[in-house]
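Student: Protein chains in written order, with full-length UniProt numbering: chain A, 1 to 488; chain B, 1 to 693.
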């Protein structure tokens, strides 16, 4: 898995750097080394953080053969890893949790490709662009000229969302009329980015042979998703400033075509799924609304999270919740018949440790360096939120940006690139180690003394563990950003 | 279980379970301060961070003195001391017990037999010079110099030094009551003991090490919890360290003292401080019930068991069959049968016979006749060959015994056994009872059958309810018995056990354990005999009876000094209680952090971002008083929870869901609410301290 991903980074890096010499480059300028590294890493890690502007930096070949391919396989890698973890629960006394190549190929060819082909046609039929044209010069209504590139947008768009990737063809991402032409495509896009992460718990339930386990997990995910969407919408409608009150809602940075509700839904969904595609600009959200999008990502991309990564993140947190709760029923904690001992807790602890450490150290370092502080567009708590958002987004492999911050500098490209690599692959390594450790065990039979993990009580418990663990870790940072900005 | 002080002065005085005396805290104080040694503290990562933090604030307070800085420094050190205090108190209780055990381990002189059994030559050697395999002779009034098995003779032994029970016990060669323990005293007779322990490794030495906690190692579950706590500590450490540049950017760089206070308030100090005390106290609770666990691992495993193997005799039933009814043959009166049965049983010393006499008296008003009243009676004792007993008196022969034997006696004398009697016999067998047929013969007349006595195993009172409880806890009980399947089934149904193993040999027992374990189940069992030793070793929790052989004691991982197999149920409960206490305090500790944030964050930043004052939901007086209150609360809650850690969370046998709901309610929700109240209350006091308001 690691070898595959390392090769992917190298290939993509080479492709981006050499694109000027290849076909279909549209004459875009050569990308600098640090930005190419950042981009290659970004797409391989399913983050799709874009420190460049899609239409003006990437030719069609890179978009199709480089970025789109990674959109498929990085999503498949996530699902392959969660499949290994689930096999850890279902298999006994073995050190085999599946073959990465087999999984990767099957997920790509049998799941992602067919869905993408069908849905790309639907999107194209709904008015999305799909061609290999270069830049078109058009005269605008006001008389000026504008250069608009065409391209294979629909085919890329579908997997951008389906694989919770989020890297837009255009800089404006899903706010661009070519990437998201109508209200229908907007709904379809939200559906696409949620469908796989919300469907995987059923796969999980099926694989462990008890659908109720999957429903419990999906209930927690749904709870967070619904609450977050409702709250973001609420905050976007409730705003202090006089201009905003006159307009009835915070409209800055939102597409008028979609409005506040659809933008809030998209924002909550994209930050909760590690997609990072945007149809509005989170930097312009109200402090609490924007703060919630950060918080959504801080949850660790688990509700429902990225393809695969969301489910394994949730399962690791379930392991922690079961551990504490299991003690409270007087047994060595066990989840799905596997005991949670020192080894299991070591990997689960390392997993939950990784992203907070990356986010906080990254943000702390950026804010401590005078040169990097200059990159912020705003001062005060909002400027701080921009940096916090950037590192949260990168470390959690979301890839959406608060915008406002200038990140195409050597430092940010490198640091965020590192955050993406470590934030993606360290947790994966821990998840695979956990899977191996679980698979080696002999299962424990269920009895009346076993903690049931499919009841509403457990759903509530898991939700509070997620909330408290995340809340406690990030509360000081959030207090200095969105909360300080929002409270008067 | 009797934990009262025995009559002999040297016997240990055991603390009553659950008792907690504030004086213990004071007594443990010197130990607690001694434990501040960083080399000791580093084993507990959470508290080590607190200690380092205390040291850092001390330096900061010296460099930039203020009432606030010193107040925080003082309370941080107190937090560290309180944590050590909890551990020291837990250990202190064990130390007191160890002290009295040591007194029992007097330097004894052993009379070693140089060439036993071929010669009886003795030499006197110090008890410490004995090696495994030596033979020693011990006579009345002498202390047994080491652990071993009696190989010759029988003696009464005072084992109060170990068990706290003053009544002497009988130890004899051969069989399952041959084990003697070093440090105990022979009260009568003379025995030869083959020593089975090496010096310094005797049972009493191990006991001392166990109750003192010297042999204590972290248990698997404790290790797992420690890992989780350590990772939480790291997360909070990073959260606070990276907060400083963020705070500087916001224009409010924080003093070191405040940052350290925040770290200490956030890391899970409550559970970190009490974790080892909980483990020690768990072992201690077992000791108070006169059970010695050889490792903490065994105590933990006890909480996990799925299957309980109980011997029928002595555990589920009273141990002896009792007469339950007289069933007369056709044409015979019940009183006539009772009279004959009583007559034939007068000489029986075994309890079955006694119970017949008792039933004849209580059920039929027959006066108990003394043996002396029947001058010419010739008693026929029970023998394994005839399988009958009885009496010949005044030309009348009365016999009672196993159905087949008595039937043979009747038919060989020319009598006959009616079909009705055969039906009675079969009926009793089918019901799990033992039929005893009573017959008589007058002179030369043909013998006739009077009827059948129904002997049955009497299930101890309250057992059905206990098994019901166990079932709710998710534990399956299997009864082990040497009875035939029919009898076993009847008793199993009466006692309410889930399953039974009839006509069990040690091999069957072993096979059953292995079969359960193959399904991933944990098995607990008791045993005393040497033939049980392999099964004890194979089971996950093997509780050896103290009356048993040394081999059994070595094989098990717990020893019940009272030799009461029913105690298995308590052992399981203590194991569960130990885990629940850990989980409850962890939940409490983490839930506490919410309130602490609401106290400290507005105190830190309300100056630069006035909006954050809204987070001061408790309405704390000032930033300094808020931070001080949070730290003081954090320290005091440790002391407040020491009794709970030592006593253990209350445990009621019930299913996992209701247990979880209950504990989340108390320790989760409670953990959220209590600190809000506590910090506010402390703040109300602290605000009057000059320099903190």
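The C-beta atom is built at its ideal place from N, Cα and C for all residues, glycine as well. Keep in mind it's a predicted model, so treat the numbers as computed, not measured.
Hey, how far is the Cα of residue 446 of chain B from the Cα of residue 395 of chain B?
Tutor: Near 13 Å, if we compare the C-alpha coordinates of residue 395 of chain B and residue 446 of chain B.
Student: Ignore the nearest five residues each way along the sequence and tell me which others in residue 492 of chain B's own chain have a CB closer than 7 Å to its CB.
Tutor: Cβ within range, chain order: 479, 500.
Student: Take residue 2 of chain B and list the residues in its own chain whose beta-carbon comes closer than 6 Å to its own, dropping the five residues that flank it on each side.
Tutor: The predicted position of residue 2 of chain B is uncertain, since its pLDDT is 38 and thus under 50; no value can be drawn from it.
Student: Looking only at C-alpha atoms, which of B:548, B:571, B:145 sits nearest to residue 129 of chain B?
Tutor: The candidate whose alpha carbon is nearest that of residue 129 of chain B is B:145.
Student: What does a CB cutoff of less than 6 Å around residue 297 of chain B pick up in its chain, not counting 5 residues either side in sequence?
Tutor: The residues are 219.
Student: Pull up the distance between the alpha-carbon of residue 472 of chain A and that of residue 593 of chain B, whole angstroms please.
Tutor: Distance between the alpha carbons of residue 472 of chain A and residue 593 of chain B is about 7 Å.
Student: Taking C-beta pairs closer than 7 Å, name the residues in chain A that residue 235 of chain B reaches, listed in chain order.
Tutor: Residues of chain A passing the Cβ test: 353, 356, 473.
Student: Applying a beta-carbon distance threshold of less than 9 Å, which residues of chain A neighbour residue 605 of chain B?
Tutor: Within chain A, the residues near residue 605 of chain B are 476, 479, 480, 484.
Student: Whole angstroms are fine: how far does the CA of residue 425 of chain A sit from the CA of residue 683 of chain B?
Tutor: So the two alpha carbons sit approximately 46 Å from each other.
Student: So with Cβ pairs under 8 Å, would you call residue 318 of chain A a contact of chain B?
Tutor: Answer no: the Cβ-Cβ gap between residue 318 of chain A and chain B never drops below 8 Å.
Student: Roughly how many whole angstroms lie between the Cα atoms of residue 85 of chain A and residue 96 of chain A?
Tutor: Taking the straight line joining both Cα atoms gives about 11 Å.
Student: Using three-state DSSP, classify residue 49 of chain A as helix, strand or coil.
Tutor: Three-state result, residue 49 of chain A: coil.
Student: DSSP has residue 442 of chain B in a bridge; who is on the other side?
Tutor: Paired residue(s): B:396.
Student: Give me the subset of the stretch 180–210 of chain A whose CB atoms are less than 9 Å from a CB atom of chain B, sorted by chain position.
Tutor: If the cut-off is 9 Å between Cβ atoms, the stretch 180–210 of chain A has nothing near chain B.
Student: Considering only the alpha carbon of each residue, which of A:261, A:224, A:280 lies closest to residue 296 of chain A?
Tutor: With distances taken between Cα atoms, residue 296 of chain A lies closest to A:224.
Student: Assign residue 561 of chain B to one of three DSSP states: helix, strand, or coil.
Tutor: Three-state DSSP puts residue 561 of chain B in coil, outside helix and strand.
Student: With a cut-off of 8 Å, does the C-beta of residue 663 of chain B fall near any C-beta of chain A?
Tutor: Residue 663 of chain B counts as touching chain A.
Student: When we look at the beta-carbon of residue 321 of chain A and count the other beta-carbons within 10 Å, is it buried (16 or more) or exposed?
Tutor: That one is buried.
Student: Between the beta-carbon of residue 398 of chain B and the beta-carbon of residue 406 of chain B, is there less than 8 Å?
Tutor: No, the pair does not count as a contact, with Cβ atoms beyond the cut-off.
Student: If contact is defined by three or more beta carbon pairs under 8 Å, each pair taking one atom from either stretch, is the stretch 294–309 of chain B in contact with the stretch 407–421 of chain B?
Tutor: Verdict: no, contact absent.
Student: Taking DSSP's pairing of strands, which residues face residue 152 of chain B in a bridge?
Tutor: Residue 152 of chain B is bridged to B:192.
Student: Quick one: what does DSSP say residue 651 of chain B is sitting in, helix, strand or coil?
Tutor: DSSP places residue 651 of chain B in coil when its eight states are reduced to three.
Student: In terms of residue numbering, what span does the alpha helix (DSSP H) encompassing residue 47 of chain B cover?
Tutor: Here the alpha helix (DSSP H) through residue 47 of chain B covers 45–63.
Student: Going along the chain, which residues of its own chain have a beta-carbon closer than 6 Å to the beta-carbon of residue 9 of chain B, five neighbours each way excluded?
Tutor: Low confidence applies here, because residue 9 of chain B scores a pLDDT of 34, under 50, leaving its location unreliable and the question unanswered by this model.
Student: So, helix, strand or coil for residue 692 of chain B, using DSSP?
Tutor: Coil, per DSSP.
Student: Within the continuous beta strand (DSSP E) that includes residue 500 of chain B, where are the two ends?
Tutor: Taken as a continuous stretch (DSSP letters only), the beta strand (DSSP E) holding residue 500 of chain B covers 499–501.
Student: Can you confirm whether residue 18 of chain B, when its beta carbon is compared against all beta carbons of chain A, has any partner nearer than 8 Å?
Tutor: A caution first: residue 18 of chain B carries a pLDDT of 43, below 50, which makes its placement in the model unreliable, though a value can still be read off. No, its Cβ sits nowhere closer than 8 Å to a Cβ of chain A.
Student: Would you mind listing the alpha helix (DSSP H) stretches within the stretch 298–378 of chain A that are 4+ residues and don't spill past its ends, in chain order?
Tutor: 309–328, 342–368, 370–373, all fully within the stretch 298–378 of chain A.
Student: For residue 246 of chain B, go through chain A and note every residue whose CB falls closer than 8 Å to its CB, in chain order.
Tutor: The answer, in chain order, is 363, 364, 367, 384, 476, 477, 480.
Student: With a Cβ-Cβ cutoff of 8 Å, do residue 292 of chain A and residue 218 of chain A count as a contact?
Tutor: No, the Cβ-Cβ distance between residue 292 of chain A and residue 218 of chain A is not below 8 Å.
Student: Beta-carbon of residue 538 of chain B versus every beta-carbon of chain A: anything under 8 Å?
Tutor: Judged by the 8 Å Cβ criterion, residue 538 of chain B is not in contact with chain A.
Student: Would you list, in sequence order, the uninterrupted beta strand (DSSP E) runs of no fewer than 3 residues that lie entirely inside the stretch 524–595 of chain B?
Tutor: The stretch 524–595 of chain B contains these whole beta strand (DSSP E) runs: 541–545, 558–560.
Student: What does DSSP give as the partner residue(s) for residue 232 of chain A in the beta ladder?
Tutor: BP columns for residue 232 of chain A are empty, so no partner.
Student: So which residues on chain A does residue 614 of chain B lean against when the C-beta distance must stay under 7 Å?
Tutor: Neighbours of residue 614 of chain B on chain A, chain order: 487.
Student: With a threshold of 6 Å on Cβ separation, who are the neighbours of residue 626 of chain B within its own chain once the five nearest residues in sequence on each side are excluded?
Tutor: Contacts found: 599, 603, 620.
Student: Comparing C-alpha positions only, which one of B:366, B:242, B:204 sits nearest to residue 369 of chain A?
Tutor: If we check each option's Cα against that of residue 369 of chain A, B:242 comes out closest.
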